[in-house]
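See structure below.
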Amino acid sequence: MLRFCLLTLRPWRAQIWLGLVLMLAQLALTLMLIPLAGQLESFFHDLDLPRYWGLLGLICLAFAGRHLLEYGLQLNLGWLSSAWANSVRRQAFARLLQADWLSLQTIDPDDALASLSDDLDKLQQGLLALLLRLIPAGLVLSALSACLLLISWPLSLLLLTAVPSAALLIRWIGRALAQHGGAQQSQLARLFQELNETLQQRLLIRLYRQESAQLQRLDQTQQAWLSARLRTLAYQAGERPLLGTLQVCALAGLLAFSGWLVHAGLLSGAELLAYATALGLAIDPSLWAAEAWGQIQLARASWRRLERLLNLPIQQRSLPRASASGRLELTGICLQHGEHAILSDLSLSLAPGEKTGLSGASGVGKSTLLSLIAGLEVPQAGEIQLPAAWLAEPDALLLVPQRATLFKRSLRENLCLDRSVEAAELAEVLIICGLDQRIAQLPAGLDTPAGALGGWLSGGERQRLALARALLRRPRCLLLDEATSEMDPALEAGIFARLRQARPELSWLAVSHRPETLQSLDRVWHLVKGRLEEETACQSSVGNRP
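All residue numbers for the sequence shown refer to the working numbering, where the first residue is 2 and numbers rise by one.
What follows is the structure, given as structure tokens:
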């Protein structure tokens, strides 16, 4: 974790150097207080009020300067840690977007959300604790330790006997915080998952009257998170009292020993006052260091969860070769997930403008085949070749899945996806997909918000919007994975008829279980045991329903 933080902090070198300068200036003012405090002893015998007041004013100025520098340091490092957290979040988010498709399926969305929000917040707090507390405390304690040794080495040796106990205590608390902090974050991810699932399944909960059951599940999940949180808080809250008690015991021993040293003439009053001042100045930094160490241990627990996102393998996209035949060619394709073979020595040929269907039993691998053609998966063997004209076009092949998803943006933004689209082209696509009249009925037209996942739209309307979105990219071939399954047959037939007329050059490979859909296509392939068999017109009319 520390190595990752140091490497990713490079863009903020200027802020780090500024922070170091502020730390050193703060350290200089801290060390200046020790001799100033020692001078106060001389006024116990001969009080010179003007000089006494002047010395007190100088001490107050030094304290004010320290606090002003502390303010500047907090602003600088607080901004740095926030900017760093944004950068890491963007890096993890980009990794999610570019990750290998199969690896991405192993990531739970709610777990990823918790990592990108709460875990990253804990990591930011850990970085801030390192830069704002642990490093400055280390500098101050090192300098004060040297001063204490110079003032009185016998007292300093006695003080060192308390260091091993403090170190063991801090280490024990740090390990406990790392363990219980990880459990707390895992329970928080479960809570996010429970809340998200409840919100997404509102209709199912209402239909089956599961409100009480869901509240009970939420109570159980919250109780598990609260228990984990309380265990973490118990160690966090106990750290300062335990260390404070250890400090009081050490100070009591030092006072007793220092009294004997003064009585024996081995330590002067001025030296005792300077030593006590240096020791007092070391109390806060030692507590800061201990608390910062605890926060860093909590951050380590969150880092282990966030690291999984940052280490997701990137999708490897090998560019297909141009086919000599000018067709979409799949040759000898083999694909397996684990030990389960999905596709075995599969071959397929699709000519530009050809409308082809794909049928087969549920779970046989039809969607997997379309994902492979779309480049989401990479076969273990075999080759995919495209017509030469398609290779230069990133949107030549577009997959339209069965579940049409929409962003929480306007209908126009969902259709255009940050691209500039001519009004005439947009109108043409809406007519093809049978959406023109529906959009015209909306008061705001295409500027109507789609809402969360397009909740106010019917399933068929969402599918038509998804198809229109794909057509606006001007693909050469559409891969339709039951992309019209929620439309009625007449509406589907009308869309395909208008699409044939408006885009005769467009190829498509459509997965469907509807006999009437398959009958309308130029050719139909049947996927059986990982291989394709061409169906006759009679076979395709029967269909293969799951």
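The beta carbon of each residue, even a glycine, is placed where N, CA and C say it ideally should be.
Counted within 10 angstroms of its Cβ, other Cβ atoms place residue i as buried (16 or more) or exposed
i      : result
Asn77  : buried
Leu8   : exposed
Trp18  : exposed
Tyr72  : exposed
Leu299 : buried
Ile315 : exposed
Ser324 : buried
Cys250 : exposed
Leu62  : exposed
Asp448 : exposed
Pro110 : exposed
Ala1   : Nothing about residue 1 can be read from this structure; the chain reaches only from 2 to 547.
Phe497 : buried
Arg470 : buried
Val365 : buried
Gln386 : buried
Ser360 : buried
Thr406 : exposed
Gln185 : buried
Glu534 : exposed
Ser157 : buried
Asp523 : exposed
Trp457 : exposed
Lys367 : buried
Gly239 : exposed
Counterpart residues of residue i in DSSP-defined beta bridges
i      : result
Trp509 : Lys356, Leu479
Gln337 : Ala342
Gln386 : Arg322, Glu330
Pro155 : Paired residues: none, contrary to the question.
Arg527 : Reading the sequence as shown, one finds His at residue 527 and not Arg. Ser360, Glu534.
Ser521 : Note: Ser521 sits in no beta bridge, so no partner.
Ala100 : Ile315
Pro450 : Ser411
Ser350 : Glu330
Val401 : Leu481
Among the options, nearest to residue i - alpha-carbon criterion
i      : options                        : result
Leu320 : Ile35, Trp391, Phe193          : Trp391
Lys409 : Pro450, Leu431, Ala277         : Pro450
Ala511 : Leu344, Ile374, Gln386         : Ile374
Arg191 : Gly175, Ala229, Ala214, Ser363 : Ala229
Arg328 : Asp112, Ala184, Leu398, Gly339 : Leu398
Ser118 : Val89, Val22, Leu133, Asp346   : Val89
Arg404 : Tyr236, Ser345, Leu351, Ser486 : Ser486
Ala293 : Leu196, Leu132, Ala115         : Leu132
Leu247 : Ser326, Gln223, Thr162, Gln201 : Thr162
Trp289 : Arg218, Leu135, Leu10, Ile343  : Leu135
Gln317 : Ala352, Gln201, Ser104         : Ser104
Pro476 : Glu506, Leu25, Gln217, Leu81   : Glu506
Ile108 : Pro402, Arg309, Lys367         : Arg309
Ala277 : Leu150, Asp396, Gly376, Gln502 : Leu150
Leu481 : Glu462, Gln16, Leu468          : Leu468
Arg504 : Ile440, Leu528, Ser513, Val430 : Val430
Ala362 : Arg532, Leu25, Asn415          : Arg532
Ser166 : Gly358, Trp526, Leu243         : Leu243
Leu25  : Ser513, Asp49, Leu74           : Leu74
Tyr236 : Gly175, Gln224, Gln202         : Gly175
Rounded distance between the beta-carbons of residue j and residue i, thought under 8 Å
i      : j      : result
Leu500 : Arg465 : Between Arg465 and Leu500 the Cβ distance is about 12 Å, and since that is not below 8 Å, they are no contact.
Ile60  : Ala279 : Not really, about 14 Å apart at Cβ, beyond 8 Å.
Gln194 : Trp226 : Not quite, the Cβ-Cβ distance comes to about 11 Å (not below 8 Å), so this is no contact.
Leu370 : Ser348 : Wrong, their Cβ atoms sit about 12 Å apart, outside the cutoff.
Glu426 : Leu479 : 17 Å between Cβ atoms; not a contact.
Gly254 : Leu159 : 6 Å
Arg305 : Gly183 : 7 Å
Leu97  : Gln27  : About 41 Å separates the two Cβ atoms, so there is no contact after all.
Val401 : Ala484 : 4 Å
Gln215 : Thr199 : 5 Å
Glu394 : Ser508 : No, Glu394 and Ser508 are not in contact; Cβ-Cβ is about 13 Å, not under 8 Å.
Are three or more beta carbon pairs between the region 276-286 and the region 137-153 nearer than 8 Å? Output reads yes: the region 137-153 touches the region 276-286.
If you pair each beta-carbon of the region 121-139 with each one of the region 257-268, do three or more pairs fall below 8 Å? In short, these stretches do not touch, since the Cβ pair count stays below three.
For the region 374-385 against the region 327-345, are there 3 or more C-beta pairs whose distance is under 8 Å? These segments touch.
Inter-stretch contact at 8 Å, needing at least 3 Cβ pairs: the region 55-70 / the region 156-171: Too few Cβ pairs lie closer than 8 Å, so no.
Taking contact to mean at least 3 C-beta pairs separated by less than 8 Å, is the region 127-136 in contact with the region 288-304? Taking 8 Å as the limit for Cβ pairs, the verdict is that the region 288-304 does touch the region 127-136.
Below 8 Å, can you find three or more Cβ-Cβ pairs linking the region 206-219 to the region 263-275? No: fewer than three Cβ pairs fall under 8 Å.
Does the pairing of the region 175-183 with the region 271-278 give three or more beta-carbon distances under 8 Å? As far as the Cβ criterion goes, the region 175-183 does not touch the region 271-278, which means the pair count is below three.
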